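Numbering (the working numbering), first residue to last: 23 to 89. Idealized CB from N, CA, C, for every residue including glycine. These numbers were taken from a predicted model, which means no experiment stands behind them. Note sheet for the following structure.
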């Protein structure tokens with residue numbers, strides 16, 4: 023799960039396996055497999071970075087340049 027911030031300032035933890043798509047309008051809209059949409063403050067690129075960091079942590083993968 024990754025931590026994101028809704029526009030009301032509330033932090034939410036999202037199961038990344040439920041994400042279908044990220045849309046960048048002025049805000050970021052996340053569409054889930056359930057059809058529900060969540061609007062968050064983070065930019066799509068930030069969400070993707072959080073997702074990659076989570077997967078690396080789960081699978082014990084190192085970033086490029088790490089020894």
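I think residue 59 touches residue 69, with their Cβ atoms under 8 Å apart; what is that distance to the nearest whole Å?
The pair is not a contact, with the Cβ atoms about 14 Å apart (cut-off 8 Å).
Bounding residues of the alpha helix (DSSP H) (the contiguous stretch that carries residue 76):
66-81
Among 55, 36, 53, nearest to residue 24 - alpha-carbon criterion:
It is 36 whose Cα lies nearest to the Cα of residue 24.
Keeping to the same chain, check which residues put their C-beta closer than 7 Å to that of residue 73; ignore five residues upstream and five downstream.
24, 38
Cβ distance (whole Å) where residue 40 is taken to contact residue 26 below 8 Å
Contact doesn't hold; Cβ gap of about 12 Å is too wide.
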